[in-house]
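Participant:
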Amino acid sequence: MRTPIIAGNWKMFKTVGEATAFIQEVKGKAEVDGVESVICAPYTSLPALIQAVKDTTLKVGAQNLHWEDGGAFTGEISGAMLKDLGVDYVIIGHSERRAYFAETDENVNKKVHAAFKHGLLPIVCVGESLEEREAGKTKDVCRVQTEAALQGLSAEQAAQVVVAYEPIWAIGTGKTSTAEDAADVIGYIRERISAVFGGEVAGKVRIQYGGSVKPNNIREFMQKEDIDGALVGGASLEPASYVQLVEGAR
């Protein structure tokens, strides 16, 4: 039985004060039995968030990491640094990182290995552009990105990965995949994981949907057997909305 996971991706939003106020608002309310609640915040807010979620079941994630433990990489942050803070999760390969910061499948894979090296759980993002979707390449893109991201992992590690299927054309646009289409692609991603690591591992991997998920459509996605939660951007920024998303994942 896979535990549903709702991960809020705050992107480049919220000051430290705003972040801690958010946690005070959702404490207790977003702690729902049978659902894992995660907030992935900018680096500046991580220490305060980790302090704020103590004595709760809420988890904290970062939005990126470098694959090296240290070095002359101005502006980057390592897995060792994140682990030292007490971070639980890290988003890797988000489409915005791929599009704006030249993130490649090879780099994504190195970051996944770095996450496991330092005891962090990766949320690996995969998904197609509108052009790729219209060309009928959705599943090919997701296969290549998923297999590349998980390359070289042990079966034990692969089983712990969270995969987020995020069609790029649906992120922040107000457009969203239908639950049926999302379930079809996510089922295919699970099939590809099974082909590489076996059915037992594939059955343990949690696969989220992301792309304009909101409180009014979360239940449609969660009703699908292969969808194990959501990676949510804008709708995770308001406490009441985030709580509704978690409640909708039950």
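Residues in the sequence shown are numbered from 51 upward in steps of one, following the numbering used here.
Built from N, CA and C at the ideal position, the CB exists for glycine as well.
1. With GLY253 as the anchor, note down where its alpha helix (DSSP H) starts and where it stops.
2. Which residue's Cα is closest to the Cα of ASP134: GLU182, SER145, THR106 and TYR93?
3. I'd like to confirm the pairing. Which residues does DSSP put opposite LYS109 in its beta bridges?
4. What are the boundary residues of the alpha helix (DSSP H) that includes GLY67?
5. Tell me whether TYR150 is buried or exposed, calling it buried when 16 or more other Cβ atoms sit within 10 Å of its Cβ.
6. Could one say the Cβ of ARG240 lies closer than 9 Å to chain C's Cβ atoms, at least one of them?
7. Under a Cβ-count criterion, where at least 16 other Cβ atoms within 10 Å of its own Cβ denotes burial, should ASN266 be classed as buried or exposed?
8. Look at the Cβ atom of GLY377, then the Cβ atom of ASN159, and state whether they are nearer than 9 Å.
9. Between which residues of its own chain and LYS80 is the CB-CB distance below 7 Å, once the five residues before and five after are set aside?
10. Any idea which residues DSSP pairs LEU171 with across the strands?
11. Closest by CA to GLY58, which one among LYS264, ARG300 and LYS274?
12. Excluding the 5 residues flanking TYR139 on each side, which residues of the same chain have their C-beta closer than 8 Å to its C-beta?
Facilitator: This is what the structure gives:
1. As a working note, residue 253 is residue 203 in the sequence shown. 249-254 is the span of the alpha helix (DSSP H), which, as asked, contains GLY253.
2. Along the sequence shown, read from residue 1 onward, the residue named residue 134 stands at position 84. For ASP134, the nearest C-alpha among the options comes from TYR93.
3. Locating residue 109 in the sequence shown gives position 59, where the first residue counts as 1. Paired residue(s): VAL88.
4. Translated into the one-based positions of the sequence shown, residue 67 becomes position 17. That run of the alpha helix (DSSP H) goes 66-76.
5. The sequence position of residue 150 within the sequence shown is 100, counting from 1. Its Cβ having fewer than 16 others within 10 Å, TYR150 is exposed.
6. Considering every chain present, this structure includes no chain C. It has just one protein chain.
7. Within the sequence shown, numbered from 1, the residue matching residue 266 stands at position 216. Exposed, by the Cβ-count rule.
8. Within the shown structure, residues of the chain are numbered from 51 to 300, placing residue 377 beyond reach of any answer.
9. In the sequence shown, the residue the question calls residue 80 occupies position 30. Checking the sequence shown, residue 80 turns out to be Ala, not Lys. Closer than 7 Å at the Cβ level, and outside the excluded window around ALA80, lie SER87, LEU108, TYR292, VAL293 and VAL296.
10. Residue 171 sits at position 121 when you count from the first residue of the sequence shown. According to DSSP, LEU171 bridges with TYR139.
11. Position 8 of the sequence shown holds residue 58. Of the listed residues, the one whose Cα sits closest to GLY58 is LYS264.
12. Here the question's residue 139 lines up with position 89 in the sequence shown. Here the set comprises ALA57, VAL88, CYS90, LYS109, VAL110, GLY111, ALA112, LEU170, LEU171, PRO172, ILE173 and VAL212.
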